[in-house]
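This report concerns only the one structure given below.
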Amino acid sequence: MTIEHPPAAVRHLPVLEITRGLACAIVVLFHCFNALYKAKGIDITGWPERLMYVAASTVDVFFVISGFIMVYVSHGDFGRPGATLNFAVRRGIRILPMYWLFTAGYALILLDRASERADPETLPLILSSFVFWPWWHPDGFPKVAPLLPQGWTLLFEVYFYFLFTLFIAWGSLRSITRWLPVVFGGVIAVAWLLPPGGPRAMLINPIVFDFWFGVVLCQVHLSGWRPSRGQRLVFVAIAIVGVIAFSPVAHYSVFRPLMWGIPAMLLLAATLDLSGGRSRLARGGVALGTMSYSLYLAHMLVVEPIAHSFRKGAYALPIPLLALTMFGLCLLGGALFYYAVERPVTRGLNRKWSEHKARRAAARPSTRPVAPV
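Quick note: the sequence shown uses UniProt numbering, first residue 1, plus one each step.
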């Protein structure tokens, strides 16, 4: 299968941003409701419980989108000189500064609390969080997470980026489709031999196959295949029915990639070529996707204090109303942080990196033969 580099006019897929934004918003809303129910010690059962797990399945959508985007923006770079370093630096600029900033904030809070009582695990937890080392929380949820509880997904993202960087260096786009699942499977098999703890618990998790689904979908998309309207409807129906039917079993199942990952891939396949339109709603969806990383990192700074106060008896509001209020505050906080911090910092670092590459290219001696006079 020959894959052409798409023209610039079709490289931007607004539906990806809209889908990512909606997935992030659902995760945030899930955390709002979940934190309030936990604060009051209320067990969620029946359809509300199932809906909560459906919300949790949007993580699989995130991972499929991530696999798709990495191939979509990098498929022309495999084997090119300097492409491996460029990919690694660009991914680092995208992820690290904001993650480190929030981790530092959480670390200061944790150190302040630890000063009141000795906790030998405080410093190791902080250090492991900065380097994305999976920390084991035997009595917590999630059981493998950095200092930022929601940062557990970033552990898998960074793991996938590391492998993707190696495949770029390998020099073959086809190889990542063929060999990425083999690498995932091999790592899982070897990880079972590790002693119990964070690295083992993370590396045996099959959710990483969601990234591969995104990689495969992107290669199919780049080959020129597009689903018909009937196929789109079938894909959406399968995705919705599958996610609901397998909740909550899929959340803890080794078959989660099949139960939730494939529906996520089908949902993305059904919506990829939708233009999104020029309506305010569509533009809002794109804006939500653009700021989704800030929203994802920042929202627990809103959720946790309000849930703590709610546990102490503050806010005489019904849980649904308070959860929606929290959700609105999370959106506001995420937007403010994105426009005030993330966007200028990320753009500035990317500009510095581009200037550095340009200087290096200018300083490199030309290898073109000189034409005879």
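Backbone N, C-alpha and C define an ideal beta-carbon position, used for all residues, glycine too.
If you look at residue 262, you'll find it in the alpha helix (DSSP H) that goes 262-271.
As the crow flies, the alpha-carbon of residue 92 is around 34 Å from that of residue 240. Taking the C-beta atoms as reference points, residue 215 is found nearer than 8 Å to residue 71.
Residue environment analysis places residue 168 among the buried positions, since at least 16 neighbouring C-beta atoms fall within 10 angstroms of its C-beta. In terms of Cα proximity to residue 231, the closest of 248, 252, 220, 266 is 266.
With respect to residue 183, residue 163 sits close: the two C-beta atoms are nearer than 8 Å. Following the DSSP letters along the chain, one finds residue 309 inside the alpha helix (DSSP H) bounded by residues 300-311. CA-CA distance, residue 287 to residue 219, rounds to 26 Å.
Excluding residues up to 5 positions away in sequence, 271, 272, 274, 276 lie with their Cβ nearer than 7 Å to the Cβ of residue 15 in the same chain.
Collapsing the DSSP output to three states places residue 144 in a strand.
Taking 8 Å as the cut-off, the Cβ atoms of residue 36 and residue 323 count as close. DSSP, reduced to helix, strand and coil, places residue 100 within a helical segment of the structure shown. The three-state secondary structure of residue 353, taken from DSSP, is helix. One thing to note: residue 282 has its Cβ within 8 Å of the Cβ of residue 18. Excluding its 5 nearest sequence neighbours in each direction, residue 257 has C-beta neighbours in its own chain below 6 Å: 206, 209, 210, listed in chain order. Taken through DSSP and simplified to helix, strand or coil, residue 179 comes out as helix. Assigned with DSSP and collapsed to three states, residue 136 falls in strand. Around the beta carbon of residue 221, a 10 Å sphere encloses 16 or more other beta carbons of the protein chains shown; the residue is thus reported as buried. For residue 130, the uninterrupted alpha helix (DSSP H) run begins and ends at 122-130, by DSSP.
Here the segment 49-60 makes no contact with the segment 323-343; the two share fewer than three CB pairs at distances below 8 Å. 86 is the residue among 86, 236, 26, 185 whose C-alpha sits nearest the C-alpha of residue 353.
The Cβ-Cβ distance between residue 146 and residue 136 does not fall below 8 Å. Relative to the Cα of residue 13, the nearest Cα in the group 236, 73, 110 belongs to 73.
By the CB criterion at 8 Å, residue 24 and residue 247 fall outside the cutoff. Residue 188 sits away from residue 176, with the two beta carbons spaced by 8 Å or more. A straight-line Cα-Cα distance of about 7 Å links residue 238 and residue 263. Excluding the 5 residues flanking it on each side, residue 335 has same chain C-beta neighbours closer than 6 Å at 291, in chain order. Apart from sequence neighbours up to five positions away, no residue of its chain approaches residue 304 with a beta-carbon distance below 6 Å. Considered as a whole, the segment 47-82 harbours 58-74 as its complete alpha helix (DSSP H) runs of no fewer than 4 residues, in chain order.
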